[in-house]
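S.K.: The numbering of the sequence shown is the numbering used here, which starts it at 40 and goes up by one.
For each residue, glycine too, the CB sits at the ideal point set by N, CA and C.
In this text, all values refer to a predicted model and were calculated from it rather than measured experimentally.
Got a structure for you, written out below as structure tokens; questions coming shortly.
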Amino acid sequence: MGDIVVVTDKLSKHSQTVYGVTPGIIGKVVSYNYQGYYTVQLENGRQISEKSTAFEKGKPKTSVEQFQEQIEKAQSKIRATEAFIVETQAKINFLAETGSDEFDENEFKAYHTLSIIEQGNMSKIEKAKAIAALIAKK
């Protein structure tokens, strides 16, 4: 009890309409029960009782923190997309080099493993890690 919470978008429509509570409002937990409900004293003086999922513990994120989080998520998507493009291009190169029309994942992994082994600019441990990463891919 006494935890600072922030109302989330999981707040019931009833509380949003009847009590005028919107996501982002800060409150303090005054009680909770074992059925998963919190009674929260809001900053406007009202008390509401809602499922604990309607609240997030801690202070709300600042706009800067929210923007930073959005940037990090977007950068993560970009990295995943770039990795997908690199892998797909490697598969296309494999098919072109082998003259095959049908892609076989096991053949590709074996071929890619041989390519890693042949690289002279990598240490044995770097090669082992690269091959292990290749094998681990589904």
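Alpha carbons only, please: which of E111, T56, V44 and Q128 is nearest the one belonging to K96?
M.R.: V44
S.K.: Helix, strand or coil for E141 per DSSP?
M.R.: coil
S.K.: Which residue's Cα is closest to the Cα of Y58: K67, I87, S91 and Y76?
M.R.: I87
S.K.: Rank S139, F142 and G63 by C-alpha distance to the C-alpha of F94 and give the top, closest one.
M.R.: G63
S.K.: Can you round the beta-carbon distance between V79 and V68 to whole angstroms, since I take them to be within the 8 Å contact cut?
M.R.: 6 Å
S.K.: What do you get for E89, buried or exposed, if any count of 16 or more other CB atoms within 10 angstroms of its CB means buried?
M.R.: buried
S.K.: Output the distance between the C-alpha atoms of F142 and I131, rounded to the nearest integer angstrom.
M.R.: 9 Å
S.K.: Would you kindly work out how many angstroms separate the C-alpha atoms of K148 and A113, rounded to a whole number?
M.R.: 30 Å
S.K.: List the endpoints of the continuous alpha helix (DSSP H) containing Q74.
M.R.: Taken as a continuous stretch (DSSP letters only), Q74 belongs to no alpha helix (DSSP H), as it is neither H nor E.
S.K.: Assign Q55 to one of three DSSP states: helix, strand, or coil.
M.R.: Of the three classes helix, strand and coil, the one that applies to Q55 here is helix, per DSSP.
S.K.: Determine the contact status of S51 and G75, defining contact as a CB-CB distance below 7 Å.
M.R.: no
S.K.: With DSSP collapsed to three states, give me the class of E157.
M.R.: Helix, per DSSP.
S.K.: Thinking just about the alpha-carbon of each residue, which of D42, T47, K49 and H53 is nearest to the one in Y71?
M.R.: D42
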